[in-house]
Structures are given as structure tokens and as C-alpha cells.
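Colleague: This is the structure, below, for whatever I ask next.
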Amino acid sequence: MRGRLLRYTKPRAGAFTKTIRMTDRNDFSIVRFSTDDLPEKDRAAIWREHFGPSVFKVEIEPPPPDIPLKVDMAARSLPGLQLLSGLYTPGRMIRTRQLIADDGNDDFIFRINTSGSVSVSAGGRELDYGCGAILTNAAEASTLDRPSFGGSTVVRIPRSILSPLVIGIDDITMRPIPAETNTLRLLIGYANALLTDGAFESPPELRHLVVNHVTDLVALTLGATRDGAYIAEARGVPAARLYAAKAYIVENRHIQRLFESDGTTFSSFLLNHRLTRAYRMLCEPRFSFWEIGKIASYVGFSDLSHFGRCFRKLYGSSPRDIRRSTKS
């Protein structure tokens, strides 16, 4: 089955709203859009008035009248992940404080520039870069300027999913990641494969694996501590800390200091990774017959009520609600 094309009907608000949003849990097909499918006189208005507020949640300033508007893009939404890749003419996208207040979205946006150059300002910082990547936060007012024709791939991941995987994630936004970074190159290849017609038209269990793989690649590219992720398989904070100390031939207290220097603790790091693993298991069909208590015990919680409180605090929903929403 080929990806769905966004065809022009008439320039009315909402005509494309259902196309590139993480709202339909049962439709994971690729959505494609091209300004070539729109009457030339309506292109700028639809791009600005519809795609800005309804799709990207930004204000869009199209290119000057003497530069034809040209956009070709493809998107795919999976539970907890959105991919979007495209080619764009010069223009500006502004994430205003009013839009932030209206939608409350706090996704992390991993922006990979594949051609041309961009200028991004957010959180009082500004960065000009060519090919490479940066991480931004949808909860911060920001401006993206593209001075010339170019391409990009964007990965949107909810804060609740990505933040437990990367220590001090808010401190690494707006930091440039070179294009030659190995994990970034692998991520680009993976994203391109996912946006290819006919790719991954498969059972739900594979979709969840794909989401996990992409999320892990983003985390690795940002500098996630994968040793810590492995340690999280242990069954207790002291035991895990001692395991880490033994594995790397360092003192137990030194492991604690390493995490403290990043503004966190080994205990909180371990807790977040256990909760992340539980979240993934709740979403995967192969664990659908496991009781929630069994999942909690498997990832390292001995107290089910403590697990429930910690889970709700991190994800804003109960484990049962997450499982129910995945099934629907």
C-alpha cells in the first residue's frame, strides 16, 4: 500500500488536520504532502493558515512573493513517536508563547538538517548550522529561519518518554550535533526507511519495537548513558551501584559522584529507567497477558503501590490507562 497523498480539495481550515497528527492510533500509514497538488494562488495561504497552527503548532511566514513556495514532505505517526521529512523553500516558523499556552505541548523535537542551512533561536540562545542536528523543546518559545531551499528530518518524542533516557536533557537542548556522528547517520537511515512506501506494514508488536529503536537512537545521539540503562536491569539500587562499580573497577561512592555531577542521583536514574521499561512492556502486545503486578516486579519494583505512584507521576496516567489506550 502506498503512502496517502494529501490532495487539494478547497482552501478551508481543517482540510488537512487529520493527516499529520498523532491522533489516530490505528492508522500508521505514511502521509505525503506537496504544494504542487494545490492551486498556485492558494499555496501560501494554506501553508500559513492551516499547516502552521494545526500541524506544526507554529506561526509560518512564507517566502517573499518573488520566491515560489515549494514544499514536499512525508510523515508517519506511531504511538509515542512522529517522523516528518521534507524539502522546503526559505521561510520562518515561530513557536509563540501564546501557542504554547494554548496547546500545552512539551514534546522534544530532534531536528536534523540534511541540506541547506538553518538558524534556530530558543531559550535565549541562537544557533546557525548546516547539516547536523539539534534538540529543541516545544514548551519553549522558538524561531526557525531557513534562508535558502533545503531539507530536514524531524523526530518528535514526548518528554515523558525521552527524558528518562538522557541525564540532564534540558541542559543539552540547542547544542549542535555534527552530521558525521555515527548514531545520527544511523538514525537518518532508519527514518528514511520508515518513510519509504511499503516499509513496516506489520503487526503492532513490530511497531512498538520500531518506536523503541528510534527513541534509543535519539537518546544515544544525545549522549544517553547506556551503561546506566543496562544497570537498570538489576534488582536494587545498592546492588546495581555495586555492579557498576565492579564492572568498571571504581569505588561505589565514585559511581554516586558521577551522577551527582550531572545534577541527578543513581537512584533517580535507575527509577526512571525501570519506569521506562515498564511503559514499553505495557505497550507491547507480547506482554498483554502479563498482569501489571508481574511487569512491576519484573522491572524491579517490590511494592506495587509505589510503582503505581511513581508511574503516574512520570507519565500522568496509570499503568492500566496506558495499557487500555494502547489496545484502543
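When we follow my numbering, the leftmost residue of the sequence shown carries the number 1, and every step to the right adds one.
Just so it is clear, CB atoms sit at the ideal spot from N, CA and C, and this is done for glycine as well.
All values reported here derive from a predicted model rather than from experimental measurement.
Going by C-alpha to C-alpha distance, which of D145, L83, I109, I172 sits closest to N192?
Modeller: Comparing Cα-Cα distances from N192 to each of D145, L83, I109, I172, the minimum goes to L83.
Colleague: Assuming contact is defined by CB atoms lying nearer than 8 Å, are P90 and P63 in contact in what I supplied?
Modeller: Result yes, Cβ atoms of P90 and P63 sit closer than 8 Å.
Colleague: Would you check if there are 3 or more beta carbon pairs closer than 8 Å linking the stretch 309-324 to the stretch 64-75?
Modeller: No: fewer than three Cβ pairs fall under 8 Å.
Colleague: Taking Cβ to Cβ, would you say R111 is nearer than 8 Å to I134?
Modeller: Taking 8 Å as the Cβ cut-off, R111 and I134 qualify as a contacting pair.
Colleague: Report the CB separation of R95 from V58 in whole angstroms; it is logged as a contact under 8 Å.
Modeller: Correct: roughly 5 Å between the Cβ atoms.
Colleague: Assuming the contact rule is C-beta atoms closer than 8 Å, I30 and W47 should be a hit. Round their C-beta distance to whole Å, please.
Modeller: Going by Cβ atoms, the distance from I30 to W47 rounds to 20 Å, so no, they are not a contact pair.
Colleague: For P164, tell me which candidate among R274, S77, D128, P53 has the shortest Cα-Cα distance.
Modeller: Ranking R274, S77, D128, P53 by Cα distance to P164 puts R274 first.
Colleague: Specify whether the stretch 124-144 and the stretch 102-116 touch according to this definition: at least 3 beta carbon pairs, one from each stretch, less than 8 Å apart.
Modeller: The answer is yes - the stretch 102-116 touches the stretch 124-144, with three or more Cβ pairs under 8 Å.
Colleague: Compute the beta-carbon to beta-carbon distance between L357 and R323, rounded to the nearest angstrom, for a pair I have assumed lies under 8 Å.
Modeller: No answer is possible for residue 357: it lies beyond the span of the chain, which begins at 1 and ends at 328.
Colleague: Comparing C-alpha positions only, which one of P176, G116, D171 sits nearest to F149?
Modeller: Minimum Cα distance to F149 is reached at G116.
Colleague: Answer with buried or exposed for A296, where buried requires no fewer than 16 other C-beta atoms within 10 angstroms of its C-beta.
Modeller: So A296 ends up on the buried side.
Colleague: For A333, which residues in the same chain have their Cβ closer than 7 Å to its Cβ, ignoring the five residues on either side in sequence?
Modeller: As displayed, the chain neither begins before 1 nor continues past 328, which places residue 333 out of reach and without an answer.
Colleague: At the level of alpha carbons, what is the spacing between G308 and G124?
Modeller: Cα-Cα distance, rounded: 37 Å.
Colleague: Could you check what DSSP says for N105 in three-state terms: helix, strand or coil?
Modeller: In the structure shown, N105 sits in coil (DSSP, three-state: anything other than H, G, I, E or B).
Colleague: Since L194 is in the beta strand (DSSP E), which residue starts that stretch and which ends it?
Modeller: Per DSSP, L194 belongs to no beta strand (DSSP E); it is in the alpha helix (DSSP H), 182-194.
Colleague: Grouping DSSP H, G and I as helix and E and B as strand, with all else coil, what is F149?
Modeller: Residue state, collapsed to three classes: coil.
Colleague: For M93, which beta-bridge partners are listed by DSSP?
Modeller: BP columns for M93 point to I60, L144.
Colleague: Does DSSP put I67 in a helix, a strand or coil?
Modeller: Here I67 sits in coil by DSSP.
Colleague: In angstroms with no decimal places, state the Cα-to-Cα distance between C310 and R159.
Modeller: Between C310 and R159, the C-alpha separation is close to 16 Å.
Colleague: Please classify G293: is it buried, with 16 or more other beta-carbons within 10 angstroms of its beta-carbon, or exposed?
Modeller: The residue in question, G293, is exposed, as its Cβ has fewer than 16 Cβ neighbours within 10 Å.
Colleague: Keeping to the same chain, check which residues put their C-beta closer than 7 Å to that of E140; ignore five residues upstream and five downstream.
Modeller: These residues qualify, in order along the chain: A122, G123.
Colleague: Check F301 in the structure and name its three-state DSSP category.
Modeller: Note: F301 maps to coil in three-state DSSP.
Colleague: Between L209 and I172, is the Cβ-Cβ spacing less than 8 Å?
Modeller: No, the pair does not count as a contact, with Cβ atoms beyond the cut-off.
Colleague: Please look up how many angstroms separate the CB atoms of L217 and L194, rounded, as I've assumed it's under 8 Å.
Modeller: L217 to L194, Cβ: 11 Å. No contact.
Colleague: Decide if R32 is buried, meaning its Cβ has at least 16 other Cβ atoms within 10 Å, or exposed.
Modeller: So R32 ends up on the buried side.
Colleague: Taking DSSP as the reference, what is the three-state secondary structure of R312?
Modeller: Reduced to three states, the DSSP call for R312 is helix.
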